[in-house]
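Numbering (my numbering), first residue to last: 1 to 215.
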Amino acid sequence: MNARLHTVPEQFDDPVQQREAATLGMWAFLATEILFFGVLFAGYTLCRVRFPDAFAAASRHTDMLLGTIETAVLLTSSCAVALSVREVQLGGRRLATALLALTAALGISFLVMHGFEYYAEYEEGLIPAIHYTQHGVYAHGIEIFYCLYYFITGFHSLHVTIGVVLLLVMAWRTWHRAYDADYHTPLELTALYWHLVDIVWIFVYPLIYLVGRAG
């Protein structure tokens, strides 16, 4: 398939209208995702206010170094996917494909590092309802922290996984000339989704790893 053979569905007058409709639809979808994570963050904040000392103690169990590396990896991936869109617009098919593959690889590395975190927390007995061995005055609050921690980071990791699959599809299609300077809307929408994944993590990182850690 060549991007130049792309035909406009009959419900649209021209490619510009099709692109605008697709972009509007994606922004509407992203708005629902923001609302979803916003509710999670609000719930986390309320619980943190209710159990400040326990949440501060729980934060000190998290791996701040690994969390920082994960943040750097996602920020780098966001730059890479933005550059890939720009390269397609300029006709740089090979470099665009490489950048998309790099973005997917960074997403996979993020998931692998998160897996190491989860394993370390299992070893420490920090997984509620499965392997939780904490005792003491803060045990209940720490358990609530980790329930929210796994819920928030688990859903975020699910979004990362979906993003990685989309990026690999985009890389394959870009390599096979499905997109060019005239038509690359699916690639732009995938990049928007990936940017949302990164932005969500920018909020997760300080909430989970930094707030109250020095207390």
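Just so you know, even glycine gets a beta-carbon here, dropped at the ideal spot from N, CA and C.
Can you name the residues that DSSP bridges to residue i?
i: leucine 126; result: Tyr132
Excluding the 5 residues preceding and the 5 following residue i in the sequence, name in chain order all residues of the same chain whose CB lies nearer than 8 Å to its CB.
i: leucine 111; result: Ser157, Val160, Thr161 and Val164
i: serine 59; result: Phe145, Ile208, Tyr209, Leu210, Val211, Gly212 and Arg213
i: alanine 57; result: Tyr138, Gly141 and Ile142
Considering only residues of the same chain and omitting the five flanking positions on each side of residue i, which have a CB-CB separation below 7 Å?
i: glutamate 33; result: Leu196
i: glutamate 188; result: Val85
i: phenylalanine 51; result: Gly141 and Ile144
Determine the direct distance from the alpha carbon of residue j to that of residue i, and round the result to whole angstroms.
i: tryptophan 175; j: glycine 115; result: 31 Å
i: arginine 93; j: phenylalanine 29; result: 28 Å
i: alanine 72; j: alanine 98; result: 19 Å
i: leucine 95; j: leucine 106; result: 16 Å
i: glycine 136; j: tyrosine 149; result: 20 Å
i: phenylalanine 55; j: glycine 141; result: 6 Å
i: glutamate 143; j: glutamate 124; result: 13 Å
i: tyrosine 205; j: threonine 133; result: 25 Å
i: glutamate 117; j: glycine 154; result: 12 Å
i: tyrosine 209; j: leucine 75; result: 17 Å
i: phenylalanine 203; j: tyrosine 183; result: 33 Å
i: tyrosine 138; j: cysteine 79; result: 41 Å
i: glutamate 70; j: leucine 102; result: 15 Å
i: threonine 185; j: proline 128; result: 43 Å
i: threonine 62; j: leucine 24; result: 38 Å
i: alanine 42; j: methionine 113; result: 26 Å
i: alanine 120; j: leucine 65; result: 13 Å
i: serine 77; j: aspartate 53; result: 35 Å
i: cysteine 147; j: leucine 192; result: 29 Å
i: glutamate 20; j: tryptophan 27; result: 11 Å
So, is residue i buried or exposed, given that buried needs 16 or more other C-beta atoms within 10 angstroms?
i: arginine 48; result: buried
i: methionine 1; result: Note that methionine 1 has pLDDT 44, beneath the 50 cutoff, so the model's placement of it is unreliable and no number is given.
i: glycine 67; result: buried
i: isoleucine 130; result: exposed
i: aspartate 226; result: With the chain covering 1 to 215 only, the question about residue 226 has no answer from this structure.
Within the same chain, show all residues whose beta-carbon is closer than 6 Å to that of residue i, passing over the 5 residues directly before and after it, in chain order.
i: alanine 104; result: Val164, Leu167 and Leu168
If residue i sits next to residue j, beta carbons under 8 Å apart, how far is it from one beta carbon to the other, in whole angstroms?
i: tryptophan 201; j: valine 81; result: Not quite, the Cβ-Cβ distance comes to about 14 Å (not below 8 Å), so this is no contact.
i: leucine 100; j: alanine 171; result: 4 Å
i: aspartate 180; j: glycine 91; result: 7 Å
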